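In UniProt numbering, the protein residues as written are 1 to 212.
In this text, a Cβ means the ideal position worked out from N, Cα and C, and glycines have one as well.
The structure displayed is predicted, hence computed values, not measured ones.
Inspection log for the structure reproduced underneath, given as structure tokens.
Okay, here's the thing in structure tokens:
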């Protein structure tokens, strides 16, 4: 009986080492430890042994069972590590490869219209001038002969940030700033396209719109 147990252990080692998948491991476990497995069948024979031999055979059988279970667990861990390594290798990204092209979308209609207008005026010898959208009251009104209290200011419905700072209501302040900066080079030809802001909130007006 002891020789049979040793033979079962040797066969189990070979069978476990030959497995290549978790499915094969499970089949091997059933083959040796299942209800009809080799070791289970051997244990059932203990009932036919003399009483004096049963303790020794029982101890040996338990040791063989523990060794088989340990070998199965170690093989399962190894197979899982190998499967993970294969998966990582298959999913590895070569960082030296060129990236996927980025779709930039389409130009906004307002940008296209502005570009067309600028192209026309550039062809006529004009320059494109720009200025701040957050403007001083002086450049937005006073420098254009619209002092405080002037009735024309009521038409503007202005967004004031402070008493002297506002969101520009037109792009004319850009003209004033350009004339100040280029005074020695007059005359100049410019257009000043950009966003302007007024407190309009009805169905046909927007608080922000574009002006040239």
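| query | Over what stretch of residues does the alpha helix (DSSP H) that includes residue 160 continue unbroken? | reply | First-last for residue 160: undefined, no H or E at that position.
| Residues of its chain near residue 199, where Cβ-Cβ distance is below 8 Å and the 5 sequence neighbours each way are ignored | Around residue 199, the same chain offers 157, 158, 159, 207 as residues with beta carbons nearer than 8 Å, after the five sequence neighbours per side are excluded.
| task | Please classify residue 29: is it buried, with 16 or more other beta-carbons within 10 angstroms of its beta-carbon, or exposed? | result | Looking at its Cβ environment, which holds 16 or more other Cβ atoms inside 10 Å, residue 29 is buried.
| field | Extent of the continuous beta strand (DSSP E) run through residue 209 | value | It spans 208–211 - the beta strand (DSSP E) in which residue 209 sits, taken as one unbroken run.
| field | residue 193 versus residue 123: straight-line alpha-carbon distance, rounded | value | Cα to Cα, residue 193 sits roughly 16 Å from residue 123.
| Since residue 64 and residue 14 are thought to touch, with beta carbons under 8 Å apart, how far apart are those beta carbons, to the nearest angstrom? | Not confirmed; about 14 Å, so no contact.
| query | Are there 16 or more other CB atoms within 10 angstroms of the CB of residue 62, so buried, or fewer, so exposed? | reply | exposed
| request: From the DSSP output, read off the bridge partner residues of residue 33. | output: Looking at the DSSP output, residue 33 bridges to nothing.
| query | Sorted by chain position, which residues of the same chain lie with C-beta nearer than 8 Å to residue 138's C-beta, five sequence neighbours on each side aside? | reply | Answer for residue 138: 164, listed in chain order.
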